[in-house]
Each structure stands twice: as structure tokens, then as C-alpha cells.
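As C-alpha cells, the structure follows; a few thoughts come after it.
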Amino acid sequence: MKAVLMTAAGNPEVLQVQEVTNPGVPVGETELLVRLKAAGVNPIDTKLRKRGTFYPDRIPAILGCDGAGVVEAVGAGVQKFRVGDHVYFCNGGLGAHQGNYAEFTTIDERFVARKPASISFAEAAAAPLVLITAWEALYERGRLEPGERVLIHAGAGGVGHVSIQLAKLKGAHVCTTVSSQDKANFVKQLGADYPILYKQTDFIQAALDWSGGEGVDLAFDTVGGETFHKTFPAVRVYGDIVTILEPDANTVWKAARLRNLRIGLELMLTPMLQEMVEAQQHQAEILEECAKYIDAGKLKIQVSHRLPLEEAAKAHELLESGSMTGKIVLLIGEE
0 MKAVLMTAAG
10 NPEVLQVQEV
20 TNPGVPVGET
30 ELLVRLKAAG
40 VNPIDTKLRK
50 RGTFYPDRIP
60 AILGCDGAGV
70 VEAVGAGVQK
80 FRVGDHVYFC
90 NGGLGAHQGN
100 YAEFTTIDER
110 FVARKPASIS
120 FAEAAAAPLV
130 LITAWEALYE
140 RGRLEPGERV
150 LIHAGAGGVG
160 HVSIQLAKLK
170 GAHVCTTVSS
180 QDKANFVKQL
190 GADYPILYKQ
200 TDFIQAALDW
210 SGGEGVDLAF
220 DTVGGETFHK
230 TFPAVRVYGD
240 IVTILEPDAN
250 TVWKAARLRN
260 LRIGLELMLT
270 PMLQEMVEAQ
280 QHQAEILEEC
290 AKYIDAGKLK
300 IQVSHRLPLE
310 EAAKAHELLE
320 SGSMTGKIVL
330 LIGEE
């Protein structure tokens with residue numbers, strides 16, 4: 000089969016299209032063989048390409064955590080899926096197991112969800128990692144409740160644009176930081192109540208004014224660095240802040256401590272890295288729930304760029320250029 004191999008750690012040029020062995024008929028009782036139609040491109044892909052995967056002794060590697068495709072064959076013990084089913088998932092691509100920059104992959108049925116029927120394979124492949132991240136960060140780490148006020152950083156980005164929608168589905172009020180008027184218009188269409196143009200406005204004061212001077216109940220940081228600790232004063236006393244980045248060593252914690260903030264760390268890759276079967280099953284259940292929202296027209300996935308598999312290196316360059324709206328997807332064969 001055709002696949003994009005990461006031949007070494009380095010620049011996007013290390014991503015090379017090659018012919019590799021097809022995974023073939025599933026060997027596991029509960030495995031599916033999936034003909035991939037599209038693969039999502041995420042920041043974790045570019046980070047692993049630059050620094051090396053979590054398993055540096057297993058090079059070359061196939062990157063790509065997000066995938067969507069058609070079930071080609073099933074193991075003898077498979078119960079939920081049949082040949083021909085359309086599926087989407089976040090699995091592999093970290094170095095231990097094959098990722099989705101390829102024509103085929105195998106995956107345990109417990110970690111798979113049915114693709115939303117109303118969207119394309121490209122949109123489905125763009126969704127899993129960001130949906131799970133946003134769901135866990137807002138609903139599980141941040142314990143979001145109806146009527147609460149939320150600040151979401153980088154609302155036009157991959158995680159941000161689905162976070163806005165999930166927060167609104169919970170009945171929350173949402174303000175979000177964006178870099179341009181075009182992005183402000185975009186996030187308004189998603190339901191954001193108050194876009195903050197952070198290049199022109201102090202987002203801390205804006206969030207305080209919007210929340211009557213108290214601060215938001217929950218802040219969701221998808222940017223990291225200084226943005227994380229600068230957000231502390233924008234959160235109410237005894238409020239929550241969740242980040243998807245590792246706090247910097249220079250983080251100034253004083254405001255968080257004085258305000259008794261509850262700090263949440265969100266890494267949706269943990270179940271895969273730790274091989275936690277029940278947690279991976281739970282993430283598949285999250286995707287099943289999100290599929291219902293998508294098919295009901297209550298949740299949309301924004302795909303900004305669709306590129307052929309052969310242009311994986313270009314996709315990485317685009318993502319690393321920054322300031323993306325929505326997601327980048329690699330198309331594999333015909334949809």
C-alpha cells in the first residue's frame with residue numbers, strides 16, 4: 000500500500016511517500032481492517048516529526064492520529080461493525096502503532112466510532128482529536144455547567160472552533176480570543192457571544208468587563224506559554240482553567256493561588272500512550288455522541304485545506320505557518 004513515512008526527525012522533507020506492506024486481513028479477534036479515505040493533520044504530528052516519536056527506535060514511522068474510512072475486513076470476534084461500515088477514530092501515529100497517513104490501517108473495534116452520516120470523510124477525519132480534546136477539557140476537566148461563562152483561547156483554531164460549539168451545546172456563554180475580524184465573524188457563526196480581538200484589546204480586561212468584573216467560570220487555554228498564566232486574573236475566584244499545553248517553567252502562579260483556581264491539564268493522547276483500554280473506549284463513545292450532534296446539525300467541523308496524501312509535507316508546512324482557521328486534511332484515494 001502507499002503510505003507517507005517519517006524517515007527521520009526533522010523538517011517536513013523527512014515525510015516521504017513509499018510503498019509499504021499492507022496490514023492485510025486483521026489478525027486480532029476484535030480488529031478491523033480499514034481502507035482510509037482521509038487523515039487529519041494535527042499539531043502533535045508536526046511536533047513528533049520535528050523531535051521524533053515517542054518510540055524513536057521504531058523509525059521509519061507512519062504519523063497521523065486521526066482517520067476516517069471504510070471497513071474492509073473484520074476479525075472473527077468483531078460484534079459492532081461489518082464490512083462496508085463508515086468509521087472515524089483517533090488511533091495510532093505516535094510511533095508504537097501505525098498512523099493514518101496511509102491507504103489502510105488496522106484498529107481494535109473498541110476504539111472506533113461510526114462516521115457521522117451527514118459529513119464527508121474529510122470532515123470526519125478532521126474531527127476526532129479536537130472533539131475528544133474539547134469534550135474532555137470542557138465537560139470533564141472543567142466540569143462546565145449550563146449558564147456558566149467560558150473564555151476559549153484561539154476560537155477559530157482546530158480545538159477552539161469545536162470548543163465554542165460544545166460549550167454552547169452545554170448552555171454556556173462563550174467569549175473567545177481571535178486575531179482578525181474575519182475570524183471574529185467565523186466564531187460568531189459558531190455561536191460565540193463575544194469575540195475578543197486580542198491584538199487590539201486586552202483580553203483580560205475584556206473578559207472581566209464581560210463577566211461583570213468577577214471573571215469567567217472557566218478558561219480553556221489552547222495556546223500555552225505566557226497566555227496560560229496571563230489568563231489567571233480573567234478567571235473568577237474558585238474558578239477553573241484548563242490547558243492542553245504543558246505549563247512553562249517560567250509560569251507565574253501567584254494570581255492562580257490568590258484566586259484559588261483549580262488547574263486542569265488535558266492530554267487526550269494519554270489513554271493511547273498508557274494503553275488504557277477503558278479510557279480509549281470512552282473516547283470512542285465521545286465520538287459516537289458527537290456524531291449525533293453533527294448529524295442533527297448542531298456541531299460543524301471546519302476544514303480549511305484538503306490536500307492529497309502525497310502532499311503531507313506541504314500540510315505540515317501550512318500548519319506550522321500558524322494562525323489556522325479550522326483543520327487540514329489529507330485525502331486518500333476517492334471519497
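Under numbering that gives the first Met the number 0, the letters of the sequence shown match residues 0 to 334, in that order.
Note that beta-carbon positions come from the ideal geometry of N, C-alpha and C, so glycine has one too.
Since the model is a prediction, treat every value here as computed from it, not as a measurement.
Among the options, the one whose alpha carbon lies nearest that of residue i
{"i": "Gly91", "options": "Ala72, Ser117, Val73 and Phe53", "result": "Phe53"}
{"i": "Ala125", "options": "Ile300, Ile285, Leu317 and Gly332", "result": "Ile300"}
{"i": "Ala37", "options": "Asn259, Leu306, Glu284 and Gly141", "result": "Leu306"}
{"i": "Trp209", "options": "Val241, Thr176, Lys229 and Thr269", "result": "Thr176"}
{"i": "Leu31", "options": "Tyr193, Gly74, Gly211 and Ile163", "result": "Gly74"}
{"i": "Tyr335", "options": "Gly325, Ala191 and Gln164", "result": "Beyond the ends of the chain as shown, which are 0 and 334, falls residue 335; an answer cannot be given."}
{"i": "Glu147", "options": "Glu108, Val186, Asp239 and Glu225", "result": "Asp239"}
{"i": "Gly325", "options": "Phe219, His304 and Leu286", "result": "His304"}
{"i": "Ser162", "options": "Met0, Leu298, Arg50 and Glu122", "result": "Leu298"}
{"i": "Glu288", "options": "Glu71, Ala60 and Pro115", "result": "Pro115"}
{"i": "Ala191", "options": "Arg48, Lys198, Gly212 and Lys169", "result": "Lys169"}
{"i": "Val16", "options": "Leu47, Pro59, Val40 and Pro55", "result": "Pro59"}
{"i": "Leu217", "options": "Ala255, Gln273, Val40 and Leu196", "result": "Ala255"}
{"i": "Leu272", "options": "Cys89, Arg50 and Val13", "result": "Cys89"}
{"i": "Gly154", "options": "Ala171, Gly27 and Leu196", "result": "Leu196"}
{"i": "Gly336", "options": "Thr45, Ile151 and Thr226", "result": "Here the chain comprises residues numbered 0 to 334, so residue 336 is not present and cannot be evaluated."}
{"i": "Val186", "options": "Glu28, Glu213, Leu150 and Leu14", "result": "Leu150"}
{"i": "Gly211", "options": "Asp107, Arg235 and Gln188", "result": "Arg235"}
{"i": "Leu329", "options": "Glu102, Val19 and Glu18", "result": "Glu102"}
{"i": "His160", "options": "Glu108, Asp107, Phe219 and Ala206", "result": "Phe219"}
{"i": "Met5", "options": "Ala205, Gly51 and Asp201", "result": "Gly51"}
{"i": "Gly27", "options": "Val40, Lys198 and Ala72", "result": "Ala72"}
{"i": "Gly223", "options": "Tyr193, Gly263, Ala206 and Pro194", "result": "Gly263"}
{"i": "Lys182", "options": "Ala205, His152 and Asp201", "result": "His152"}
Cutoff 8 Å; reference residue i; Cβ partners in own chain excluding five residues on either side
{"i": "Tyr237", "result": "Arg258, Asn259, Leu260 and Arg261"}
{"i": "Val69", "result": "Val33, Arg34, Lys36, Gly83, Asp84, His85 and Val86"}
{"i": "Ser117", "result": "Ile293, Asp294 and Gly296"}
{"i": "Pro145", "result": "Lys169, Gly170 and Ala171"}
Per DSSP, the bridge partner or partners of residue i
{"i": "Ile243", "result": "Bridge partners of Ile243: none, in fact."}
{"i": "Val77", "result": "None; Val77 has no bridge partner."}
{"i": "Gly263", "result": "Val241"}
{"i": "Val149", "result": "Val173 and Leu217"}
{"i": "Leu335", "result": "The structure shown does not extend to residue 335, since the chain is modelled only from 0 through 334, so no value can be given for it."}
{"i": "Leu330", "result": "Ala37 and Pro307"}
Spatial neighbours of residue i in its chain, beta-carbon cut-off 6 Å, leaving aside the 5 residues before and after
{"i": "His228", "result": "Thr250 and Val251"}
{"i": "Phe120", "result": "Lys36, Ala37, Ala67 and Glu334"}
{"i": "Ile203", "result": "Pro232 and Ala233"}
{"i": "Ile285", "result": "Ile131 and Trp134"}
{"i": "Asn184", "result": "none"}
{"i": "Arg109", "result": "Gln280"}
Contacting residues, own chain, Cβ-Cβ under 7 Å from residue i (five flanking each side not counted)
{"i": "Thr132", "result": "Val158, Ile243, Glu265 and Met267"}
{"i": "Glu316", "result": "Pro11"}
{"i": "Lys313", "result": "Leu306"}
{"i": "Glu135", "result": "Glu265 and Met267"}
{"i": "Lys167", "result": "Val173 and Gly190"}
{"i": "Gly156", "result": "Thr221 and Met323"}
{"i": "Val77", "result": "Thr29, Leu31 and Glu108"}
Item checked: contact_flag[the segment 274-285, the segment 8-16] where n(CB pairs < 8 Å) is 3 or more -> Three or more beta-carbon pairs separated by less than 8 Å are not found between the segment 274-285 and the segment 8-16, which leaves the two stretches without contact.
Next item on the list: Indicate whether the contact test is met: 3 or more Cβ pairs, each with one atom in the segment 245-259 and one in the segment 66-81, closer than 8 Å.
Entry: The segment 245-259, when compared against the segment 66-81, does not touch it at the 8 Å Cβ threshold.
Next item on the list: Could you tell me whether the segment 127-146 touches the segment 95-102, using the rule of 3 or more Cβ pairs below 8 Å?
Entry: With a cut-off of 8 Å, the segment 95-102 and the segment 127-146 do not count as touching, because too few Cβ pairs lie within range.
Notebook entry, point to check: So does the segment 132-151 actually touch the segment 301-321, counting three or more Cβ pairs closer than 8 Å?
Noted result: No, they do not touch.
Margin query: Report the start-end ranges of each alpha helix (DSSP H) in the segment 66-147 that is 4 residues or longer and not cut off at the edges.
Written below: Segments of the alpha helix (DSSP H) lying fully in the segment 66-147: 120-125 and 127-134.
Note to self: In chain order, what are the residue ranges of uninterrupted beta strand (DSSP E) at least 3 long that sit wholly in the segment 298-327?
What the structure shows: As for any beta strand (DSSP E) of minimum length 3 sitting wholly inside the segment 298-327, the runs are 302-307, ordered along the chain.
Next item on the list: Could you pull out every unbroken beta strand (DSSP E) segment of at least 3 residues lying fully inside the segment 7-74, listed in chain order?
Entry: Here the runs fully enclosed are 14-18, 30-40 and 65-73.
Next item on the list: Run through the segment 163-235 for me and flag every whole alpha helix (DSSP H) of 4 or more residues, listed as ranges in chain order.
Entry: Counting whole runs of 4 or more residues, the segment 163-235 contains the alpha helix (DSSP H) stretches 180-188, 202-209 and 225-229.
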